[in-house]
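Working notes, structure below.
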Amino acid sequence: MKRVSILGSTGSVGTQALEVCVTHGFPVKGLAAHHNEVLLEEQTRRFRPHLVCIFDESRYQSFKTRVADLPVKVVTGIEGLCEAASMDEADMVLNAVSGMIGLRPTLAAIDAHKELALANKETLVTGGELVMRRAKEQNVPILPVDSEHSAIFQCLNGYRHCKVNRILLTASGGPFFGKTREDLRHVTPKDALNHPNWNMGAKITIDSATMMNKGLELIEAYWLFDVLPEQIEIVIHRESVIHSAVEFTDCAVIAQLGTPDMKLPIQYALTYPERMPCPTKALNLWEVGKLTFFEPDEETFTCLKTAKEAIRRGRLYPTLMNCANELAVQLFLDGKISFLQIAALNERALELDGSGEVTVENILNAEAAARELVLSSI
Ligand code: NDP
Ligand code: MG
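When you line the sequence shown up against our numbering, it's residues 108 to 485, in that order.
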């Protein structure tokens with residue numbers, strides 16, 4: 108039985124991952140969250156992990172007091188999060204924190220030779236070059252949790268030696284599919300948080316509404332599957348039944364289908380290379396009826412163009428864009444900027460100099476520069 112440490116255990120992916128661990132009896136040895144003390148305490152009592160990280164240092168003492176009767180080590184801050192990613196007591200780490208704070212724990216898990224189930228796409232958007240190189244050097248498998256990347260990973264099973272023509276990266280289109288820029292001028296966080304097919308954390312849900320999520324996923328696929336950005340085609344598929352597909356050199360297209368439920372990709376990463384029964388609703392194609400496909404509207408959802416430009420330039424440009432986006436999404440959720448300003452700020456971040464080498468230090472410097480730019484532009 109794999110012993111698991113879950114970073115972001117109180118979130119949408121994290122809580123579903125814990126259910127998968129319960130279903131299959133995987134011991135949970137590490138837990139980490141940002142500040143949700145109540146749920147983290149509940150999880151600590153239920154799973155009896157060896158180590159728990161409460162990232163927010165101002166809550167460290169109060170959290171320690173909450174679990175003082177339990178034999179658990181409590182840690183905090185980025186060092187604590189990295190400890191949860193590299194602890195001896197776990198064989199596998201699921202990184203399901205949201206945002207680029209996930210990068211250093213990802214590297215810590217690789218350096219400690221943990222099998223890595225990766226939901227945190229911002230890790231690859233910012234540090235893809237570093238992460239993939241380090242994983243190769245250390246011979247550590249990276250198992251994608253993002254549903255599209257899990258699908259591509261599954262389509263490639265058994266065909267790793269074959270030449271790929273294209274990856275067909277599917278996108279639901281989010282709540283604003285078919286809208287014009289004019290329609291989007293006054294949308295509120297409540298409108299944008301209303302995703303048609305998936306129930307996810309707030310940040311990724313806003314990313315789905317701006318379609319930056321698909322831009323981030325294009326970059327994620329570029330790093331995971333060693334293809335050129337031009338080989339990744341984004342296809343709007345409203346039903347979210349085809350989770351993505353791969354076209355091989357003979358033009359055969361292999362796709363992975365299923366009901367939209369994150370439990371399946373989360374479980375596949377945890378049980379890989381095995382397949383186990385999953386408590387998800389089986390796909391009923393008669394009920395689905397028809398599958399539809401559309402081209403993305405890059406003139407309305409300009410984040411797609413920005414993401415393509417960022418990865419075309421490479422280096423630290425995806426980091427600049429990602430950091431601007433993380434802050435812009437937060438500002439939008441806080442009611443400080445409009446929906447369309449998110450895309451405008453992401454585009455502006457590419458005006459900064461991102462030509463430096465990809466190192467952790469330079470990534471953190473780029474993050475600071477992008478934050479400064481966003482804050483001075485609003
Ligand atoms: P949520 O916002 O629901 O959860 C985020 C989790 O990360 C929470 O447990 C949060 O803790 C924790 N967290 C945030 N910052 C820190 C930190 N600094 N230290 C420790 N823990 C932290 O996000 P999701 O579960 O939706 O998404 C997580 C990641 O997975 C994202 O990168 C997202 O893009 C990706 N993903 C998500 C999918 C989904 O269906 N939700 C699908 C595909 C990918 P707290 O609760 O205390 O704030
Ligand atoms: Mg996805």
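The C-beta atom is built at its ideal place from N, Cα and C for all residues, glycine as well.
- Item | Proximal residues to isoleucine 373 (C-beta, below 7 Å), its chain only, five neighbours per side dropped | Answer for isoleucine 373: Val120, Gln123, Ala124, Val127, Val252, listed in chain order.
- Message: Closer than 7 Å to a non-hydrogen atom of the ligand MG - does that hold for the CB of aspartate 314?
- Response: no
- CA-to-CA distance, alanine 139 to isoleucine 161, given in whole angstroms: Going from the Cα of isoleucine 161 to the Cα of alanine 139 covers about 6 Å.
- Which residues in the same chain as threonine 183 place their Cβ atom closer than 6 Å to its Cβ, once the five residues preceding and following it in sequence are excluded? Ile161, Glu164, Tyr167
- Query: Among residues of its own chain, excluding the 5 on either side of lysine 222, which ones have a beta-carbon nearer than 8 Å to its beta-carbon?
  - Reply: Looking at the sequence provided, one finds glutamate at residue 222 rather than lysine. Answer for glutamate 222: Lys109, Asp198, Met199, Val200, Val247, Pro248, Leu250, listed in chain order.
- Query: Do the CB positions of isoleucine 326 and alanine 414 come within less than 8 Å of each other?
  - Reply: Contact flag set, yes.
- Message: Please return the same chain residues whose Cβ sits closer than 7 Å to the Cβ of proline 336, not counting the five positions on each side in sequence.
- Response: Leu325, Tyr329, Lys415, Ile418, Arg419
- Bounding residues of the beta strand (DSSP E) (the contiguous stretch that carries valine 159): 158-161
- Message: Given a cut-off of 8 Å on the beta-carbon distance, is the pair arginine 422 and valine 395 in contact?
- Response: no
- Task: Using 7 Å as the cut-off, classify the Cβ of aspartate 253 as near or not near the heavy atoms of the ligand NDP, replying yes or no.
- Result: Within the cutoff, so yes.
- How close, in whole Å, do the beta carbons of glutamate 196 and histidine 157 come, if the pair is a contact with beta carbons under 8 Å? 4 Å
- Message: Tell me which residue opens and which closes the alpha helix (DSSP H) that methionine 318 is part of.
- Response: Looking at the DSSP string, methionine 318 is not in any alpha helix (DSSP H), and its letter there is neither H nor E.
- Message: Between which residues of its own chain and threonine 312 is the CB-CB distance below 6 Å, once the five residues before and five after are set aside?
- Response: Leu300, His302
- Item | Sequence ranges, beta strand (DSSP E) only - wholly within the segment 205-290, length at least 3 | Correct list: 222-225, 249-251, 271-278.
- Message: DSSP three-state label for histidine 141, please.
- Response: coil
- Task: Assign phenylalanine 332 to one of three DSSP states: helix, strand, or coil.
- Result: helix
- Task: Tell whether a beta-carbon distance below 8 Å holds between threonine 317 and isoleucine 449.
- Result: yes
- alpha helix (DSSP H) containing glutamine 374: first to last residue? 370-378
- Under the DSSP definition of a beta bridge, which residues are partnered with valine 199? The identity of residue 199 in the sequence shown is methionine, whereas the question assumes valine. Methionine 199 pairs with Val111, Glu222.
- Query: Grouping DSSP H, G and I as helix and E and B as strand, with all else coil, what is histidine 293?
  - Reply: In the three-state reduction of the DSSP assignment, histidine 293 falls in the coil class, being assigned neither a helical nor a strand state.
- Item | serine 169 CB to nearest heavy atom of the ligand NDP below 7 Å | no
- Message: Am I right that alanine 473 and leucine 427 are in contact with their C-beta atoms under 8 Å? What's the rounded C-beta distance?
- Response: 5 Å
- Report the three-state DSSP secondary structure of glutamate 346 (helix, strand or coil). coil
- How about glutamate 324: is its Cβ closer than 7 Å to a heavy atom in the ligand MG? Relative to the ligand MG, the beta carbon of glutamate 324 is positioned inside 7 Å of a heavy atom.
- Item | For valine 360, the first and last residue of its enclosing beta strand (DSSP E) | Note, valine 360: beta strand (DSSP E), 360-364.
- Query: Does DSSP put phenylalanine 355 in a helix, a strand or coil?
  - Reply: strand
- Message: As a quick exercise: from Ser193, Gly206, Gly209, Glu236, pick the residue whose alpha carbon is nearest that of aspartate 218.
- Response: Ser193
- Would you say threonine 387 touches the ligand NDP, meaning its beta carbon is less than 7 Å from a heavy atom? No; taking the cut-off as 7 Å, the Cβ of threonine 387 has no heavy atom of the ligand NDP nearer than that.
- Can arginine 288 and threonine 407 be called in contact, C-beta distance under 8 Å? yes
- How many Å lie between asparagine 306 and asparagine 272 at the Cα? 32 Å
- Query: Would you report the Cα separation of alanine 352 and glutamate 255, rounded to the nearest angstrom?
  - Reply: 8 Å
- Message: Between isoleucine 113 and valine 135, how many whole angstroms is the CB-CB distance? I'm expecting something under 8 Å.
- Response: Contact holds; Cβ gap of about 6 Å.
- Along the beta strand (DSSP E) that carries threonine 183, what are the first and last residues, could you check? 180-183
- Burial state of alanine 215, where buried means 16 or more other Cβ atoms lie within 10 Å: Looking at its Cβ environment, which holds 16 or more other Cβ atoms inside 10 Å, alanine 215 is buried.
- Item | Cut-off 6 Å between Cβ atoms - residues of its own chain near valine 342, not counting five sequence neighbours on either side | Leu275, Thr277, Phe400
- Message: How far does the alpha helix (DSSP H) with phenylalanine 131 in it extend, from its first residue to its last?
- Response: According to the sequence shown, residue 131 is histidine rather than phenylalanine. Unbroken alpha helix (DSSP H) run through histidine 131: 119-131.
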